[in-house]
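Residue numbers (the working numbering), protein chains in the order written: chain X, 1 to 272; chain E, 1 to 272; chain R, 1 to 272; chain P, 1 to 272; chain L, 1 to 272; chain W, 1 to 272. Where is the CB? At the ideal position from N, CA and C, for every residue including glycine. Keep in mind it's a predicted model, so treat the numbers as computed, not measured. Scroll down for the structure; my scribbles are underneath it.
6 protein chains.
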Amino acid sequence: MFFHRQVLQYKATPEKPDAVYARKLQEVIGGQYGEITVAMQYSFQAWNAHMPGKYRDLLFATAAEEFGHVEMLATMVAQLLEKAPVGITEDAIQKDPTVAAIIGGTDVQEAIAAGAGARPVDSNGNPWNAGYVTASGNLLADFTSNVNAEMQGRIQVARLYHMTDDPGVRDLLSFLLARDTMHQNQWLAAARELQEEGNESVPVPSNFPIKKEHREVSYQAINFSNGAAMGQGSWASGPTPDGLGEFTYIDTPPEGVPMPPPTHPDARFYGT
Amino acid sequence: MFFHRQVLQYKATPEKPDAVYARKLQEVIGGQYGEITVAMQYSFQAWNAHMPGKYRDLLFATAAEEFGHVEMLATMVAQLLEKAPVGITEDAIQKDPTVAAIIGGTDVQEAIAAGAGARPVDSNGNPWNAGYVTASGNLLADFTSNVNAEMQGRIQVARLYHMTDDPGVRDLLSFLLARDTMHQNQWLAAARELQEEGNESVPVPSNFPIKKEHREVSYQAINFSNGAAMGQGSWASGPTPDGLGEFTYIDTPPEGVPMPPPTHPDARFYGT
Amino acid sequence: MFFHRQVLQYKATPEKPDAVYARKLQEVIGGQYGEITVAMQYSFQAWNAHMPGKYRDLLFATAAEEFGHVEMLATMVAQLLEKAPVGITEDAIQKDPTVAAIIGGTDVQEAIAAGAGARPVDSNGNPWNAGYVTASGNLLADFTSNVNAEMQGRIQVARLYHMTDDPGVRDLLSFLLARDTMHQNQWLAAARELQEEGNESVPVPSNFPIKKEHREVSYQAINFSNGAAMGQGSWASGPTPDGLGEFTYIDTPPEGVPMPPPTHPDARFYGT
Amino acid sequence: MFFHRQVLQYKATPEKPDAVYARKLQEVIGGQYGEITVAMQYSFQAWNAHMPGKYRDLLFATAAEEFGHVEMLATMVAQLLEKAPVGITEDAIQKDPTVAAIIGGTDVQEAIAAGAGARPVDSNGNPWNAGYVTASGNLLADFTSNVNAEMQGRIQVARLYHMTDDPGVRDLLSFLLARDTMHQNQWLAAARELQEEGNESVPVPSNFPIKKEHREVSYQAINFSNGAAMGQGSWASGPTPDGLGEFTYIDTPPEGVPMPPPTHPDARFYGT
Amino acid sequence: MFFHRQVLQYKATPEKPDAVYARKLQEVIGGQYGEITVAMQYSFQAWNAHMPGKYRDLLFATAAEEFGHVEMLATMVAQLLEKAPVGITEDAIQKDPTVAAIIGGTDVQEAIAAGAGARPVDSNGNPWNAGYVTASGNLLADFTSNVNAEMQGRIQVARLYHMTDDPGVRDLLSFLLARDTMHQNQWLAAARELQEEGNESVPVPSNFPIKKEHREVSYQAINFSNGAAMGQGSWASGPTPDGLGEFTYIDTPPEGVPMPPPTHPDARFYGT
Amino acid sequence: MFFHRQVLQYKATPEKPDAVYARKLQEVIGGQYGEITVAMQYSFQAWNAHMPGKYRDLLFATAAEEFGHVEMLATMVAQLLEKAPVGITEDAIQKDPTVAAIIGGTDVQEAIAAGAGARPVDSNGNPWNAGYVTASGNLLADFTSNVNAEMQGRIQVARLYHMTDDPGVRDLLSFLLARDTMHQNQWLAAARELQEEGNESVPVPSNFPIKKEHREVSYQAINFSNGAAMGQGSWASGPTPDGLGEFTYIDTPPEGVPMPPPTHPDARFYGT
Ligand SMILES: [Ca+2]
Ligand SMILES: [Ca+2]
Ligand SMILES: [Ca+2]
Ligand SMILES: [Ca+2]
Ligand SMILES: [Ca+2]
Ligand SMILES: [Ca+2]
């Protein structure tokens, strides 16, 4: 069960309205790596978890916090839009270049569809969709996905930080950046702990009988391009991170095998 | 520039057709973590890379290989569909339960739209879309995304391995599993190397001035649920993976701050 | 069968071109509540209707009118775009702030893809999709959906009215506003008539055996947030609109029941 | 802020697994009218609300409950999938027709992507997307949208009730049906109260200066089809629900006005 | 303006219900090349047309017919679903393999969401979307798109013809096949006439100053693969269809030019 | 197999950055008719081809070239974005109208999500999706689709040519225009050759037994609108392009047939 309390985790009030910035902030609400994504992702990972206890508890705890992040950002967006002009006259444009900037820079659906409100979309107006969510039932893979999500999210917030001078907005972003720092660290710690406790290891899934894979190509760095430096990385020689082999470097891909002949399905498929 | 050679990296021929399995295999062609995703993701990461040299070379090399994986799987799907029946009579269903199974188990668009061919869609027929792609310009974040993609992909191939008995299909999957093993290891090695060389570190992005974030909440594990075990993980106490702090555990979230008052936009937005 | 006549229901000619406004108008062509949505929604409701006669006749009649509304708006958009500049020089921007405004404010695909024409997309360029359509086979539910669609649509047109000074555009919007007024009234009348004639009633679907639902929670207003005023509404006490009960107010949600233990699927799913 | 408690609002345990039914249940998790939609819709309506007090409190309260409904259904789905077979042999199909049924009837991504877990998608595997959400800033319109959502949702749950014999599943559905009954009643009550208190009225938005619309067509039932019964409804004569007019019936649409001439954009758009 | 008449262009009644086939028929209603696509495509081409007269008249005429095709197919689908079972018992499956077939073969949303009705989706349940529509303002390009659409559509209907034995369904398909034959011929004739009248020619757009393109590569068949037969086609030597050149064959692609150095955007984008 | 070489087919360097134009160029990378579409389309056509030899060789050859076109454009976009400002101050806007133009004219996700890099999306930020791809297994239909794709693509590039003055950008576009010229010619030649060799003919699919279609309507130009000029085209009289009939013109559509009665599905679908 989820409960709501009419407070915010942190203050979310801009110093002044800025409809152009409101659009940009949509990215971290409803974008690929916005707060809706992590809230939904951690929720589904928790619901699909197979081990009770600390990992699942962590997922539930963080999921609920992320819904609160959506709320802070939506609240911020509504305030940034509060003084958004409905219509803009030709005169106003001629007199003030800022007005010209506003015309193209705002999310017109925030005005037309939401009446100066936040929306579950990204900064280009694409509706959030569940194709962004990862919840495989394998926690090492999913925690790695979570580390990535928090990295991407923190990068985006850091970029957004420099796109405004508003102290109120920056203050909220500073809070979110700190929480992203925590969440990066937390998922890294959880992924490490999972492995130390022997729940899972690289290559994921570790309990697939590894002999069934073609081991002769499991550690080959094959250069399908012609970059001369490809062989200089730690992925081209030396022990592999999974501790099970040694990297080798193949500068020219093997010949390959002949393609099978083209198929000939039933004539009533009317192929040529 | 890309060049094509009319061979396959590995043999991709089923022992016999299986239209039901053809549908399942679509997941690793055109699904969220299918081969199209990694091919496109590594390509865009390479095109957006800022450092010449080994990392970019690795991206280009792997991207090109992944397009070849799409090809092997598409070739396999076409063969699995080769004997797919066009129509199925009531009689056939009554006589053979396998026919009944085929009816619902196949991707009907592989028949109706592609004429018994592969399609750039997932196993539920959702068209592949670029919302699956991550290419942020920050390599540590992106390599982490790549590790995740190869983990998720390998899990899916491992599951698919058990959904068929066909030796030809399994042989191809064994090859792909091995390459996923390589790619997991390779991105892990590359992410480690990036950090060792001082290009980037956790929290990503590391060069955002960390003092600007609210450091007092950067390492707090806050329990927004009521799982009793949340405080038992390595994310709740001890040093943080980024080496910059100590985790603390907050069993009950702080009070929060009052919500700002609701907004009052221009009356011509016709809100209530 | 549908027939087309090369006239418009109402005059749709702007006084002068305005490529920025053309983009905004796309919302009511191809947006969630644009004319394509209602045209398609009423059509599918008619095709799926189970009662011949007045309700279905009304659906067919209104559906056909709505396709004509798409046409008026598309015609308007093409004219608003007629003088849209192909390219814009740096000089032009420096000399005239309006030109700067145009750059970001227009739908670039109206230019690049449609050659200064209307498109079946919304004001952010999202293609119209059938996920907007509701046609359940239950007319009371669907007429309620229609009332909502006409309310949302009229709100959007009203907002758009204030975003232009062009008398020609406003004249068309005034016509569309009036038809939205009609359609709001019409679906309200039809929903009322359906109930008066005993075809359906609240709670929809009324012929589901109501004893099979957990009646003890059918009229409880449960406060899953902490808003103090929640209990002050007519939904918290007094008779219910369906005439079958009395509202009660539950300020603190019941304890809930324990979660079932996590699942343990087959090991070959490679969960953790 | 949102908080999570590791209990369910109601018991959600099936008597036995049923992977085919698990797929169907996805509709009310991640479909157009599933629980994710209402949870997100009520949340955004609350965040965009302009009046503090009872209406907003109701939105917050109900939003949080709906997230708990997603959770109950996801929990149920995971259990229905718990014994889902990974692979199915030809032998098994030949021996048991139920096995044949399972092959096509299950959501293959629940297996391949989620490892026998719930997903934020509908029963055809379409990812949930925010194009389903309505939050206009106008509460009468939005409450009408909510009434519709609860009607559509209850219809779908009622249909699903008959698609299973499992007492555990039916028990949960009985609970959800009751809550849908409550929510239909609650939004109807709230919509009525909004009007009684003078916050808004039909036609929505009521404070758009009604004289600016073309009043001569505001109450005309125009028959753009040829259904003979169209004129028999209460929408064709008598007073209008908004109390502002009288319906009239127009059996044959007016002539219309000439289309404006086709446009001639700049030659560099390369039209014909 | 569009008008509807409550008749069908052709009889659309199946001999008996077939819920499995109803799903397949959705492809030509709401698929990429279904009737909704052509109806919308021809409508937008007409609205964006720049020449009055026969071409635009043809577009309007055909668009309206296509909406009627959607109607015939939707009507057919509803009838195919009329006896669709709501629930299916384990007993029924064990007794009749056809029941097993039905379970997986039907579109479950036709039942759950539409109550045994047609939907604006394809045979995999993907909602129709306007990304399928082409309307560029250039009629030669668009008529070519139309020829393709009618070819693809006719292929799909031909395939569907063999997926049923129902004489009523086949009769309707026979009608649609004939109309597709007409429409293929019609757009071919129109494309030819456009060129004969000098409105447009290959390469489209013909009035782009051809000297501005790099003419040295305008007729080179470059082999980026290694297929030995590539040079044997009429595209590798001889006069070009546009009448402006001679094809040449390049067996090995030119060397190419060096890539520009990677970019170095502002440090505050936090790239690596 | 695909191989990559770190060169470009043609020089792709702008004279100076232009973040506004970078957004526009996204259309031909990730739009409906962008380079990703043709690369993927030709690939899937090749993988689904049934005839070995020249046609398939041509498909493979062109597919690989198109992936290289994606690369040139992505490289160009990254350079156009290289100097894109992160944040823009109010002062800067007031001083320079160009800055105002930039605000709305850029793709904000190129900054926030990609860190000043190219993305697999169109010029309105819609992610590329596989619903754009056509690969039916019938080469005449598919080559016609390819002709259309190259026409639409060349039109878009021609429009884009006039939207910039940058010599470097124009130079690249001149190269792409030439290749589009080639590809239009090539697919036209291939379509002609397919027919001359007797592989396929109009109406596609030609081997569907034509007697099974309702031949009485196969060549009727039926006017479902009221355009007076519809009968003046070559589609209204004279021999048909397929050589199998004569066009006739029907000014008024036939009466049609009665609609079947509405359906009455099982009561447990809760229709009305
Ligand atoms: Ca967060
Ligand atoms: Ca791979
Ligand atoms: Ca309308
Ligand atoms: Ca609910
Ligand atoms: Ca048709
Ligand atoms: Ca190209």
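- Not a single CB atom of chain L sits nearer than 8 Å to the CB of Lys24(W).
- At least one CB of chain L lies nearer than 8 Å to the CB of Met1(E).
- Within its own chain, the residues whose Cβ lies closer than 8 Å to the Cβ of Arg23(L), once the five positions on either side in sequence are excluded, are Gly105, Thr106, Asp107, Glu110 and Ser123, listed in chain order.
- For Ala191(R), the enclosing alpha helix (DSSP H) covers residues Pro167 to Glu196.
- Taking Gly153(E) as reference, the option from Leu173(E), Ile250(E), Pro167(E) and Ile112(E) with the minimal CA-CA separation is Leu173(E).
- Chain-order list of chain R residues neighbouring Phe269(P): Val86, Ala111, Gly115 and Ala116, by C-beta distance under 8 Å.
- Counting the other CB atoms within 10 Å of its CB gives His183(P) a total of 16 or more, which places it among the buried residues.
- For Glu255(L), no alpha helix (DSSP H) encloses it, and the DSSP letter there is neither H nor E.
- Distances from the CB of Gly168(W) to the heavy atoms of ligand 5 are all 7 Å or more.
- One Cα belongs to Gln9(X), the other to Tyr219(E), and the distance between them is close to 16 Å.
- Between Met259(X) and Ala74(E), the alpha-carbon positions lie close to 12 Å from each other.
- Residue pairing of Phe60(X) in beta bridges, as defined by DSSP: absent, with no partner found.
- Only residues of its own chain outside the window of five on either side were considered, and among them Gln32 and Thr37 have a CB closer than 6 Å to the CB of Tyr132(R), listed in chain order.
- Per the C-alpha coordinates, the member of Gly53(R), Ala78(R) and Phe208(R) positioned closest to Ala158(P) is Phe208(R).
- Interface with chain R (8 Å Cβ-Cβ cutoff): Arg170(L) is excluded.
- Of all residues in the region 156-170 of chain W, those with a C-beta nearer than 7 Å to a C-beta of chain P are Ala158, Arg159 and His162, reading in chain order.
- By the criterion of a C-beta distance shorter than 7 Å, Gly125(P) is surrounded in its chain by Asp107 and Gln109, once the five residues flanking it on both sides are discounted.
- Under the 8 Å criterion on CB atoms, Asn129(E) is classed as interfacial with respect to chain X.
- Around the CB of Pro254(R), fewer than 16 other CB atoms lie within 10 Å, so the residue is classed as exposed.
- The DSSP-derived three-state label of Phe208(X) is coil.
- Phe247(X) is the residue among Trp47(X), Phe247(X), Arg56(X) and Arg5(X) whose C-alpha sits nearest the C-alpha of Ala190(E).
- Separation of Phe44(E) and Thr181(E) (C-alpha to C-alpha, rounded to the nearest whole angstrom) is 22 Å.
- Inter-residue distance for Glu216(L) and Arg170(W) is about 16 Å (C-alpha atoms, whole angstroms).
- Residues of the region 194-208 of chain L with a Cβ closer than 7 Å to any Cβ of chain R: none.
- Residue pairing of Ala221(L) in beta bridges, as defined by DSSP: Tyr249(L).
- A distance below 8 Å separates the beta carbons of Met151(E) and Val204(X).
- With its beta carbon less than 8 Å from one in chain W, Gln94(R) belongs to the interface.
- Residue ranges of uninterrupted alpha helix (DSSP H) with 4 or more members, entirely inside the region 101-164 of chain P and ordered along the chain, are 108-112 and 139-161.
- DSSP lists His4(W) as the bridge partner or partners of Phe2(E).
- Around the beta carbon of Asp142(X), 16 or more other beta carbons sit within 10 angstroms, so the residue counts as buried.
- Between the region 46-61 of chain R and the region 76-88 of chain R, the count of C-beta pairs closer than 8 Å stays below three; the two stretches do not touch.
- Under DSSP, Gly238(L) forms a beta bridge with Phe247(L).
- Assigned with DSSP and collapsed to three states, Met40(P) falls in helix.
- At a beta-carbon threshold of 7 Å, the residues of chain E lying near Ala178(X) are Glu213, His214, Arg215, Val217 and Ser218, ordered along the chain.
- In the DSSP assignment, Asp91(W) falls within the unbroken alpha helix (DSSP H) covering Glu90 to Lys95.
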